[in-house]
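Asker: Numbering (the working numbering), first residue to last: 2 to 301. By construction, the Cβ of each residue, glycine as well, lies at the ideal position given by its N, Cα and C atoms.
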């Protein structure tokens, strides 16, 4: 009996010592003695609700979200090509512009905890337009003219907020467009500058195809907050206000290679502008502009 009592006492002491030990953990770092593991990330793999550890969703490597750090700022640079088609029905007849605009685009993005992201982009285009239609100041006269100078500057600031609903994110943004081109009048051409500030509301949803590919379709609505067009006509010209809205559909096709992303983005956008008020001799009729383009960027 004394031996049995001694054995029971030893077993109880061993069980108490084992119970005081921390739960088994797994770490990708070498065992102690090889490197200093103080502060090294590790994950608790002890059973939960009687589940075996292999059924737990545990990351293979430490992530930014788990480390308490904010992801580094990322930059992008790329090339773009856009075709613009403008049409309007004015008091002197129809006006049509077709423009091919090659350009460059740069941007930066900051990702925060929870997957939200703040990004900004600037694009510059320069090309030539062709015009067909009525002549300003000459009702009934129609001409066709090629080789008209056309430049464009676009800036966009956008905040992406994940919703948790099937990986869909809401997009909130502000944008700016400035386009300089030439109109046609009786004496030849005249300078026009079109500027608009607009607000953006959109949605997007990524689809992961294999390990390196992601396809992200995007839909957005643009509401013009402030629009101005300046016209330098021989008869005096002036500046008129623009009112209207736009809609956009785009698809980001992303290929991940190392720590860089190669992103191909086809897009289509349309602006519907209401007839402007008359200011001096300046007037802009109700118009529609379709912008179809393609960008190829590297994000690093």
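1) At the level of alpha carbons, what is the spacing between residue 172 and residue 199?
2) Can you tell me which of 91, 108 and 217 puts its alpha carbon nearest to the alpha carbon of residue 80?
3) Report the option in 272, 290 and 266 whose CA atom is closest to the CA atom of residue 297.
4) Helix, strand or coil for residue 244 per DSSP?
5) Under the rule that 16 or more other beta-carbon atoms within 10 Å means buried, what is residue 256, buried or exposed?
6) With H, G and I counted as helix, E and B as strand and the rest as coil, what does DSSP make of residue 115?
7) Using a threshold of 7 Å, state whether the C-beta atoms of residue 117 and residue 110 are closer than that.
8) So, are the CB atoms of residue 294 and residue 272 less than 7 Å apart?
9) Is the beta carbon of residue 243 closer than 7 Å to that of residue 270?
10) So residue 206 packs on residue 169, CB below 8 Å; how close in whole Å?
11) Note the first and the last residue of the continuous beta strand (DSSP E) segment covering residue 313.
12) Note down, in chain order, each residue of its chain lying with its Cβ closer than 6 Å to the Cβ of residue 254, except the 5 sequence neighbours on either side.
13) From residue 99 to residue 250, what does the alpha carbon distance come to, in whole angstroms?
14) Can you look up residue 285 in the DSSP assignment and give me helix, strand or coil?
15) How would you write the range of the beta strand (DSSP E) that residue 200 sits in, first residue to last?
16) Between which two residues does the beta strand (DSSP E) holding residue 167 run?
17) Could you name the residues of the same chain whose beta carbon sits closer than 7 Å to that of residue 158, not counting the 5 residues immediately before and after it, in chain order?
18) Which first and last residues belong to the beta strand (DSSP E) in which residue 218 is found?
19) What do you get for residue 203, buried or exposed, if any count of 16 or more other CB atoms within 10 angstroms of its CB means buried?
Answerer: The short version:
1) So the alpha carbons of these two residues sit roughly 14 Å apart.
2) Of the candidates 91, 108 and 217, the one whose C-alpha sits nearest the C-alpha of residue 80 is 108.
3) For the residues 272, 290 and 266, the minimum Cα distance to residue 297 belongs to 266.
4) Looking at residue 244 - three-state DSSP - the assignment turns out to be coil, as it is neither helix nor strand.
5) With a threshold of 16 other beta carbon atoms within 10 Å, residue 256 falls short and is exposed.
6) When secondary structure is reduced to three states using DSSP, residue 115 falls in the helix class.
7) Contact: no.
8) The Cβ atoms of residue 294 and residue 272 do not sit closer than 7 Å to each other.
9) Result no, Cβ atoms of residue 270 and residue 243 do not sit closer than 7 Å.
10) With a contact defined as Cβ atoms closer than 8 Å, residue 206 and residue 169 qualify at about 5 Å.
11) Not covered by the structure: residue 313. The range shown for the chain is 2 to 301.
12) Non-local C-beta neighbours of residue 254 in its own chain, meaning closer than 6 Å and more than five positions away in sequence, comprise 216 and 265, ordered along the chain.
13) Their backbone Cα atoms lie some 20 Å apart in a straight line.
14) The answer is coil: DSSP assigns residue 285 none of H, G, I, E or B.
15) That run of the beta strand (DSSP E) goes 189-205.
16) Where residue 167 is concerned, there is no enclosing beta strand (DSSP E), because DSSP gives it neither an H nor an E.
17) Excluding positions up to five away in sequence, the list reads 121, 174 and 175.
18) Counted as a single uninterrupted DSSP element, the beta strand (DSSP E) harbouring residue 218 occupies residues 214-233.
19) The residue in question, residue 203, is buried, as its Cβ has 16 or more Cβ neighbours within 10 Å.
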